[in-house]
Amino acid sequence: MSNYKLIYKIVVITAAVFIALFAGALIIVAVGGNVFETYWIILSMPFQNFRSLCEVFTRMIPLMIIALGICVSSRCGINNIGAEGQMYMGVIAACAVAFSVQGLPSIIAVPICILSAALAGAAYGFIPGFLKAKLDVSELLSTVMLNYAAAQFYKFCIRLPLRDPNDATGTPMSARLPDNTILTKFFRGTSLHSGIILALILVVVIYILLFRTTWGYKMRAAGASKMAARYGGINVPLYLIIAMCISGACAGMAGSVELMGVQARAMENITSGYGFSGIVVALFASLHPIAVIPASFFFGILLYSQVNLQILTSVPPNLVQTIQGVIILIIVSLQMVINNPYSQERFRKRFFKNQIKDIKEAR
Amino acid sequence: MAELNAIKELRVEHITKRFPGVLACDDISLCVGEHEILALVGENGAGKTTLMNIIMGLYQSDEGAIYINGNEVNFKSPNDAFSAGIGMVHQHYMLVPNMTVLENVALGIKECWKSVVDLKLVRDKVNEVSEKYGLKVDPDAYIWQLSVGEQQRVELVKTLCQGAGFLILDEPTSALTPQETEDLIVLLKRMSKELSIIFISHKLNEVKALSDKVSILRHGRVVFEGNTKDYSPKQIAALMTGHEVEIAENKADPVEGESVLDIRNLCVKSDRGFYALDNFNLEVKAGEIVGLAGVSGNGQKELAEVINGLRKAESGSIRFFGTEIQNKSPDEVIALGMGYIPEERNTEGIVPSMSIKENMILKDSASPRFSKKNFLNHKAIEKYTDEMREKFDIRSPNMFVAAGSLSGGNIQKVILAREIDRNPKFLICVYPIRGLDMGAAEFIHKQLLALRERGVGILLISEELDEIMNLSDRIAVIFKGQNKAVLNKGEATTSRLGILMAGVKEDE
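Chain order of the listed sequences is A and B. Mind the numbering: the first sequence is residues 55 to 417 in my numbering, read in order. Mind the numbering: the second sequence is residues 831 to 1338 in my numbering, read in order.
And the structure:
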């Protein structure tokens, strides 16, 4: 019975991939690039050698952690656009704490830094959650505004309180983090750091939270139907706030692993837009924690290709962001098409008409 | 009104519509002539609504054709059907909640879509239609502020304003009082001098009173066609369900139990800010069913909500087994043993996008039956859900389908199963059988009577006087937020209740 549905999905997805490639090709041609070369670089470079693959994995880490947080908040019915700001807060907290845990063994120092980042992110997520729950302030408004506030506060921090005292170049950034707070690199010469373990653990934790615990059940019920959840005795505002705190904590942790695993110091633009890409990853994964893994891998490839394009071609790396945008648009419309019963129906009528007769004859 | 070519005859022939795994309509043929009223009856899921949606162009049929005045038509969208002069009032209202009545009506009238919507034109039309047919609506009220009954009136006005010459009414009387229903029947009869009507209903008395012809659908097929006057409601019921129907009735003697729900001088505000309950008093004893009759929109919704902690009480008290529960939170009220079958079964009684299984534990996810230390015990939940599906005859492919995809009767059974099997000390039912077919209604009524036998007090809020009179030990009448009278079972008659429901004092 679901035979035609499966075929329908495959057809739609394949079509979408081609539309995305075609739209991308138009853009590449418009900026004077070579279409096939560009695509080849985007898709094949990550698999050229192990080092490149590790680069992709490294980019997956913050994407995954943020997307997991978004899964929680969105499933609870609140749209957290503020992951970027919460990530900044996480970076600030982790950086500040890192300098005060010097001398501790790193098995203690690292968790303390990550935990403080989580707390900072959670606190920053609490604000829009509380405003929404108690005063019905639109979370879209509050989170976006808080993003600006966080970005500016971060800029202030790396210029004054966290500024590297020994720096002579005038670059606004913190000193290098003490060695005991730097995350271990797994392989020599590659960028992959132990943050990926945290990310994978979080996948399991968030999955269990959402689908195996009463809290997750209540959050999902509150997100799916506020009225029914209230009727069922679920304290909707409370779970809304909790979900926002979890979401913020994830974004904060993503900030800390990016700081401690990749950059080693707090510098300008440390979030690289992960806070926004993470939302897309979560949507791409249909808000399912397990699906976040492949989704973030895909976006990791896209993000990594920015580097390669810059080195290898004349195509501006911003192009990748453009293509990313196009892909996002197509994916969102794709989900609409896939779930639309009317187009499903038309597809079935067109190509599976004989099935109806079969059923009738079988009666 | 727009000039339309009169529809002298609407004929559908050999309509077949298949949904994945279901044949919703199987070779259905019908014919409605000018000024005729056809009643379409059948249990839930018999394919009535699907057939109407096909006529309205919401769905395309897989096979078969529709003819108007002998010419084949092909409606690709409801717009095509509207312009051919067919209008439909759906069972689930198609209204925009955060718009006013006027704006909702304006949505369907293209003439008023200028750079600024010509609301004056719409207002005139609304006034004209409501005067002509005696349908009272407040044009400036927002839809979300209106009760279900009022919303239905808006739907009727909206359809008539579009100049429909052929009306399809999907259970139009389910929200009306007996008087209103009678008025509507008279009105529809009068309207049939100008219009043709297809009328979907479960209420066979109405079918009998109103229709010229009747067609009975079962499992997507027409199993019977005939002239209404030749058959009794009982015969039609038997044809519809395929077996004899027995009506659940409360024949037990009145009880003298302790008072378990005691409401005194309760004042509650509605969403619109006026007092929906105004010094409301009511008492329910253990082991009795108290029916609360009244036209919807007289404070019933607010009453159910305030008892369950979903709405704030301004003043007054609600004592539940001696504890004051006004302004307690919903979970506190639930913990005291309150069961509640809400009016909005599709959005409030269940989480529509969640599975049946997940809906079964909506109130009890944290109870030790279903979870240990906050970890859900999926095995126990599934076992329980299976038992409930068996016991309450919930028909679904499996327990993992979204509860919102079930038919109304099965959704109500999910809610009933959950509420009854939690062993409540008290149960509030709001319009428990609205829109359900006879089989489902009979089942639900029997369950309520069984619960009464176990000594549970029940507050039954309903507009259906048959339901109230069959089940209740005592009957209260609510009008404009006040309890107008409490009658014992023997004292209540349809006409007496009807007068009270209309707000007329008995001694007048």
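Ideal Cβ placement from N, Cα and C applies to all residues, glycine included.
List the whole-angstrom C-beta distance separating residue i from residue j, where the pair is believed to meet the contact cut-off of C-beta under 8 Å.
{"i": "Asp-1042/B", "j": "Glu-866/B", "result": "5 Å"}
{"i": "Glu-1249/B", "j": "Ile-1171/B", "result": "6 Å"}
{"i": "Leu-1014/B", "j": "Ala-876/B", "result": "Going by Cβ atoms, the distance from Leu-1014/B to Ala-876/B rounds to 23 Å, so no, they are not a contact pair."}
{"i": "Ala-1233/B", "j": "Ile-1180/B", "result": "4 Å"}
{"i": "Val-959/B", "j": "Leu-965/B", "result": "7 Å"}
{"i": "Thr-235/A", "j": "Ala-163/A", "result": "5 Å"}
{"i": "Ala-174/A", "j": "Ile-146/A", "result": "7 Å"}
{"i": "Ala-336/A", "j": "Ser-128/A", "result": "7 Å"}
{"i": "Ile-1066/B", "j": "Leu-870/B", "result": "Rounded, the Cβ-Cβ distance is 12 Å, inconsistent with contact."}
Within the continuous alpha helix (DSSP H) that includes residue i, where are the two ends?
{"i": "Cys-149/A", "result": "137 to 154"}
{"i": "Asp-1216/B", "result": "1208 to 1221"}
{"i": "Asn-362/A", "result": "346 to 366"}
{"i": "Asn-321/A", "result": "Reading off the sequence, residue 321/A comes out as Met, not Asn. Unbroken run through Met-321/A: none, as it is neither H nor E."}
{"i": "Ile-385/A", "result": "372 to 393"}
{"i": "Met-1070/B", "result": "1063 to 1071"}
{"i": "Asp-1251/B", "result": "1238 to 1251"}
{"i": "Arg-129/A", "result": "104 to 129"}
{"i": "Val-290/A", "result": "290 to 312"}
{"i": "Lys-186/A", "result": "160 to 189"}
{"i": "Gly-249/A", "result": "249 to 266"}
Taking the alpha carbon of residue i as the reference point, which residue from the options has its own alpha carbon closest?
{"i": "Ala-205/A", "options": "Lys-186/A, Ile-124/A, Gly-309/A, Pro-371/A", "result": "Gly-309/A"}
{"i": "Val-1053/B", "options": "Leu-1069/B, Lys-1064/B, Lys-1038/B, Ala-1039/B", "result": "Leu-1069/B"}
{"i": "Leu-252/A", "options": "Gly-87/A, Asn-133/A, Ile-347/A, Lys-63/A", "result": "Ile-347/A"}
{"i": "Pro-1160/B", "options": "Gly-1139/B, Ser-1235/B, Phe-1151/B", "result": "Gly-1139/B"}
{"i": "Ile-973/B", "options": "Val-987/B, Gly-995/B, Leu-925/B, Glu-1132/B", "result": "Leu-925/B"}
{"i": "Leu-194/A", "options": "Ala-171/A, Ala-276/A, Met-298/A, Ile-288/A", "result": "Met-298/A"}
{"i": "Ile-1186/B", "options": "Lys-940/B, Ala-1134/B, Met-1218/B", "result": "Met-1218/B"}
{"i": "Ala-895/B", "options": "Leu-1166/B, Glu-980/B, Glu-985/B, His-844/B", "result": "His-844/B"}
{"i": "Gly-286/A", "options": "Leu-1112/B, Glu-1135/B, Ala-1067/B", "result": "Glu-1135/B"}
{"i": "Ser-776/B", "options": "Glu-1144/B, Glu-1036/B, Ile-1148/B, Asp-1083/B", "result": "Here chain B comprises residues numbered 831 to 1338, so residue 776/B is not present and cannot be evaluated."}
{"i": "Ile-324/A", "options": "Ile-73/A, Leu-60/A, Glu-138/A", "result": "Glu-138/A"}
{"i": "His-247/A", "options": "Met-390/A, Val-110/A, Gln-102/A", "result": "Val-110/A"}
{"i": "Met-143/A", "options": "Ile-212/A, Pro-232/A, Phe-76/A, Gln-102/A", "result": "Ile-212/A"}
{"i": "Lys-1348/B", "options": "Gln-1065/B, Asn-1176/B, Leu-1133/B", "result": "There is no way to answer for residue 1348/B, as the model of chain B reaches only from 831 to 1338."}
{"i": "Thr-367/A", "options": "Lys-186/A, Pro-291/A, Asn-88/A", "result": "Asn-88/A"}
{"i": "Ser-859/B", "options": "Asp-948/B, Val-1044/B, Trp-943/B, Leu-1018/B", "result": "Val-1044/B"}
With a threshold of 7 Å on Cβ separation, who are the neighbours of residue i within its own chain once the five nearest residues in sequence on each side are excluded?
{"i": "Gly-1287/B", "result": "Val-1090, Leu-1091, Val-1114, Lys-1115, Ala-1116, Gly-1117, Glu-1118, Phe-1256"}
{"i": "Lys-63/A", "result": "Ile-392"}
{"i": "Lys-1142/B", "result": "Asn-1157"}
{"i": "Ser-359/A", "result": "Ile-95, Ile-96, Met-99, Val-374"}
{"i": "Ile-1298/B", "result": "Gly-1121, Ala-1123, Leu-1290, Ser-1292, Ile-1305"}
Looking only at its chain, what residues have a beta carbon closer than 6 Å to the beta carbon of residue i, apart from the 5 residues adjacent to it on each side?
{"i": "Cys-861/B", "result": "Arg-841"}
{"i": "Met-886/B", "result": "Pro-908, Ala-911, Met-918"}
{"i": "Lys-1259/B", "result": "Inspection of the sequence shows that residue 1259/B is occupied by Cys rather than by Lys. Excluding sequence neighbours, Cys-1259/B sits near Ile-1171, Leu-1290."}
{"i": "Lys-838/B", "result": "Glu-864, Asn-899"}
What first and last residue would you give for the beta strand (DSSP E) that runs through residue i?
{"i": "Thr-846/B", "result": "839 to 849"}
{"i": "Lys-1099/B", "result": "1089 to 1099"}
{"i": "Cys-855/B", "result": "852 to 863"}
{"i": "Phe-1256/B", "result": "1256 to 1260"}
{"i": "Ser-331/A", "result": "Careful: Ser-331/A lies outside any beta strand (DSSP E), inside the alpha helix (DSSP H) at 328 to 338."}
{"i": "Val-871/B", "result": "867 to 871"}
{"i": "Leu-999/B", "result": "996 to 1000"}
{"i": "Asp-1108/B", "result": "1105 to 1115"}
{"i": "Ile-916/B", "result": "916 to 919"}
{"i": "Leu-1122/B", "result": "1119 to 1123"}
{"i": "Asn-883/B", "result": "Counting along the chain, Asn-883/B falls outside any beta strand (DSSP E), though it belongs to the alpha helix (DSSP H) covering 878 to 885."}
{"i": "Met-1287/B", "result": "Strictly speaking, residue 1287/B in this sequence is Gly, with Met absent from that position. Looking at the DSSP string, the run of the beta strand (DSSP E) that includes Gly-1287/B is 1287 to 1292."}
{"i": "Asn-1035/B", "result": "No beta strand (DSSP E) holds Asn-1035/B; the alpha helix (DSSP H) holding it covers 1034 to 1040."}
Can you give me the Cβ contacts of residue i inside the same chain, cut-off strictly under 8 Å, excluding the 5 residues immediately before and after it?
{"i": "Ile-410/A", "result": "At Ile-410/A the pLDDT is 49, less than 50, meaning the model places this residue with poor confidence; the figure from the coordinates comes in the next sentence. If we look at Ile-410/A and ignore the five residues flanking it on each side, it has no Cβ neighbours."}
{"i": "Leu-363/A", "result": "Thr-92, Ile-95, Ile-96, Val-369, Pro-370, Pro-371, Leu-373, Val-374"}
{"i": "Glu-1144/B", "result": "Cys-1097, Val-1098, Lys-1099, Tyr-1105"}
{"i": "Lys-1319/B", "result": "Asn-1080, Pro-1084, Met-1299, Ser-1302, Asp-1303, Arg-1304, Ile-1305"}
{"i": "Glu-833/B", "result": "With a pLDDT of only 42 at Glu-833/B, under 50, the local geometry of the prediction cannot be trusted, and the value read off the model is given with reservation. Hits under 8 Å: none found."}
Nearer than 6 Å: is that true of the beta carbon of residue i relative to any heavy atom of the ligand SAM?
{"i": "Glu-980/B", "result": "As presented, the structure is devoid of all ligands, the ligand SAM included, so that no description of it is given."}
key: Proximal residues, the region 278 to 310 of chain A versus chain B, C-beta separation under 9 Å   = Ala-278, Ser-279, Met-281, Ala-282, Ala-283, Arg-284, Tyr-285, Gly-286, Gly-287, Ile-288, Asn-289
query = Quick one, which residues of the region 1159 to 1170 of chain B are near chain A if we go by CB-CB under 9 Å, in chain order?
reply = Ser-1159, Pro-1160, Asp-1161, Glu-1162, Val-1163, Ile-1164, Ala-1165, Tyr-1170
key: Chain-ordered residues of the region 317 to 328 of chain A with a beta carbon less than 9 Å from chain B   = none
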